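Letter 408 of the sequence shown, counting from 1, is numbered 401 in the working numbering, and no numbers are missing.
Note that the Cβ used here is the ideal one computed from N, Cα and C, for glycine as well.
Please read these numbers as outputs of a predicted model, since none were measured by experiment.
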Amino acid sequence: MVGVPSSRGCRNCRRKKKGCDLVRPTCARCAHLGYDCTYDDKRWTFVGHKVPPAESSRASSATSAVQATTELQRVTPPQGPSQRSLSRTAWETQWAGQFWTHFLPQEDPSTVFVGNVRIVPWMGAVMDMAAKDATARMALNAVAFTIIGRAKSDQSLVRESTRLYSVAIRETSRALQDVNKARSDEILACCKILALYENFRVKDTPEVSTQGFDWHSHIDGTQSLIEMRGPARHSTDHGHVLFKDIRIMTATSSITRRKPSEFTNPVWSVSWYLLNSVLDVADRFLHRHTTPFETSPKSLHDELVDIMLTLPELLAEQDNLNGRLAACQTAFARFEAFTAGQNLLYRCINMGEQLNEWQHKVLRESAAVSPTPASTSNTTIADICMKHGYGLFNCITQCWVTCLILYSTTRIIHRTLTYAAQGTRSGLPEIPPWMNPYPMAMCIASHAHHYFEDSARYWGASIASFPLGIVAHYCAASGNLDSECMTELRRLYRMNDRGQLTLEFLRSIANTGSPVKGDPVNPDMHRKMATAWYRISEGREGQSPPEGRGSLQQS
-6 MVGVPSSRGC RNCRRKKKGC DLVRPTCARC AHLGYDCTYD DKRWTFVGHK
44 VPPAESSRAS SATSAVQATT ELQRVTPPQG PSQRSLSRTA WETQWAGQFW
94 THFLPQEDPS TVFVGNVRIV PWMGAVMDMA AKDATARMAL NAVAFTIIGR
144 AKSDQSLVRE STRLYSVAIR ETSRALQDVN KARSDEILAC CKILALYENF
194 RVKDTPEVST QGFDWHSHID GTQSLIEMRG PARHSTDHGH VLFKDIRIMT
244 ATSSITRRKP SEFTNPVWSV SWYLLNSVLD VADRFLHRHT TPFETSPKSL
294 HDELVDIMLT LPELLAEQDN LNGRLAACQT AFARFEAFTA GQNLLYRCIN
344 MGEQLNEWQH KVLRESAAVS PTPASTSNTT IADICMKHGY GLFNCITQCW
394 VTCLILYSTT RIIHRTLTYA AQGTRSGLPE IPPWMNPYPM AMCIASHAHH
444 YFEDSARYWG ASIASFPLGI VAHYCAASGN LDSECMTELR RLYRMNDRGQ
494 LTLEFLRSIA NTGSPVKGDP VNPDMHRKMA TAWYRISEGR EGQSPPEGRG
544 SLQQS
């Protein structure tokens, strides 16, 4: 028997001649010093020995046991072309299958997809980047380990995910110092994966975690990276796929913080043939205005995100309007602010009409592919929300969330202007009856259970926080914390461990958007945070007075 290492310790401890506690995947010394911990498995070589038939079965059992105990061994980063292919095969065999099984929703095989909407379209791009780049692979391993660790209640995997996340952050920051590396698709994929990790990060204390702040920081950094790369790098291949997904995350992040996004600029959103009509001839010739959607048609989800990105601008203008009304010292200043408020109301109503048209388009495309097309006049968007897969279901839910915020904000602005004009509504546009936020909240609450079905896997938990958080804020701000909507949300949080995962992320993300900081688990604190986010005043001059229950539902 040859080839047996003299010590069972990890490489670092053996090299430094230090005692090793043999904990896998990372020993205590390596974890404390931040080293990559690698163990050398014993390599047994049997020379000139035959196993008796009676012992062969026991030998097979022993081999299986050794393989089972070394299942958590980390894949060594590749050093050359041949090792890279071996490393990729090992990673896919050990972790990729388990990760995607736990993360990806299980679609019905008979599902007919519409509008070019697919679930997790970035999967192929991220897998390719992880196969080529060690940092991207490390970031993806961090997400994989924390999800598998949660699913299997394996704390060793969760601890390893935290270590990998820290190393991936450090390596990504180092790569961003190199302009060429910073512009690569691999680094863009790293930033996207690191943002995804925040949805599943395990907190160490009962207090509200920093997940929300860190998630927004990743989104801001990724958006800045995309702006530095320029629109042309996102028109084809993996760059385009990653850009579309990051644009969705940017829209939700911007809405949560009421902060306009750079992606509303036409060079990031308008199709080439539309942009062509407004550009200078020389610029067209030089091809300086290539857009991410130059060669790829927009899906239904892309068109919805175009509308969603408008909402943070309206919310920011609402904040500006409140400030102007509160600071008015003359009748002329009040008149100017009132006129700006009128224009803002018209823009809100126009955006509501765009959302209605998007829903009608979804109904038309659904009817076109249905085996027995139904009249769209009798079919509602809620009737088909799960008919074409989880991808379209999530799109429709995001549309409902956008409507909920828009309709509530429109009513608050209308009441603010009425109060500023001392009770008269002269000159103010009437709010259409269909701009009622409560039905939107009910639609979300009554269908949100699809996010936590077994077939939705961990993808559902990662994407459910935005709609559920907005509904909870709406109920708190309107004084309806005991409503049917909130009762359903509380049931979902207790539905399984993924519901609790979403709740913990929501506790953190609520602190990033509201001027009032606290723990929304406390009902009184939640009400204060929600009313502050919606900009419902405490009765100051120039702003809408508190109206208690139903203040977001009635004009």
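In chain order, Glu100, Thr104, Phe106 place their CB closer than 6 Å to the CB of Gly382, counting only its own chain and leaving out the 5 sequence neighbours on each side. Here the alpha carbons of Val113 and Pro98 stand approximately 9 Å from one another. Between the alpha carbons of Leu474 and Arg250 lies a distance of about 22 Å.
Annotation for Met479: Cys468 place their beta carbon closer than 6 Å to its own, counting only its chain and skipping 5 residues before and after. The beta carbon of His95 is closer than 7 Å to those of Ile140, Ile141, Ala144, Arg450, Tyr451 in its chain, skipping five residues each way along the sequence. For Met344, the uninterrupted alpha helix (DSSP H) run begins and ends at 324 to 362, by DSSP.
When C-beta atoms of the segment 324 to 338 are compared with those of the segment 398 to 413, three or more pairs fall below 8 Å, so the two segments count as touching. Nearest to Leu293 by alpha-carbon distance, out of Val260, Asp213, Leu385, is Leu385.
Annotation: the continuous alpha helix (DSSP H) that includes Lys125 extends over 116 to 125.
DSSP places Cys184 within a helical segment (H, G or I) once states are collapsed to three. A straight line joining the alpha-carbon of Asn258 with that of Pro305 spans about 13 Å. When the beta-carbon positions are compared, Ala441 and Ala454 stay at least 8 Å from each other.
A Cβ-Cβ contact shorter than 8 Å links Cys183 with Ala129. Every unbroken stretch of the alpha helix (DSSP H) spanning 4 or more residues and falling wholly within the segment 413 to 495 is given here in chain order: 430 to 440, 450 to 456, 458 to 470, 477 to 486. Asp295 counts as buried, since no fewer than 16 other beta carbons sit within 10 angstroms of its beta carbon. It is roughly 6 Å from the alpha-carbon of Cys20 to the alpha-carbon of Asp14.
Shortest Cα-Cα distance from Thr203 to any of Arg500, Ser507, Arg317, Ser363 involves Arg500. Restricting attention to alpha helix (DSSP H) runs no shorter than 4 residues, the segment 88 to 159 encloses them at 90 to 96, 116 to 125, 127 to 145, ordered along the chain. Of Trp261, Arg22, Leu485, the smallest CA-CA separation from Phe445 is found for Leu485. For the pair Gln335 and Arg528, the Cα-to-Cα distance works out to about 18 Å. For Lys237, the enclosing alpha helix (DSSP H) has its first and last residue at 230 to 250. For Arg194 and Val201, the gap between their C-alpha atoms comes out near 13 Å. When the five nearest sequence neighbours on each side are left out, the beta carbons in the same chain lying within less than 7 Å of the beta carbon of Tyr339 are those of Pro422, in order along the chain. Ser254 carries a coil assignment under DSSP once its states are collapsed to helix, strand and coil. Burial state of Arg8 is exposed, judged by a 10 Å Cβ sphere holding fewer than 16 other Cβ atoms.
Within the same chain, Cβ atoms closer than 6 Å to the Cβ of Ser262 are found at Asp299, the five residues on either side in sequence being excluded. Straight-line spacing of the CA atoms in Ile180 and Ile186 works out to 10 Å. The continuous alpha helix (DSSP H) containing Val172 extends over residues 172 to 175.
For Phe206, the enclosing alpha helix (DSSP H) stretches over residues 204 to 222. For Val509, the secondary structure class from DSSP, reduced to helix, strand or coil, is coil. Going by beta carbons, Val160 and Met116 fall outside the 8 Å limit.
Counting along the chain, Gly316 sits inside the alpha helix (DSSP H) bounded by residues 304 to 320. From the listed residues Thr31, Cys378, Asp312, His233, the smallest Cα separation to Ala118 is found for His233. Distances from the CA of Gln391 to each of Arg17, Ile241, Tyr32, Met221 were compared; the closest alpha carbon is that of Ile241.
Glu296 sits in a helix when the DSSP states are folded into three classes. Taken through DSSP and simplified to helix, strand or coil, Phe498 comes out as helix.
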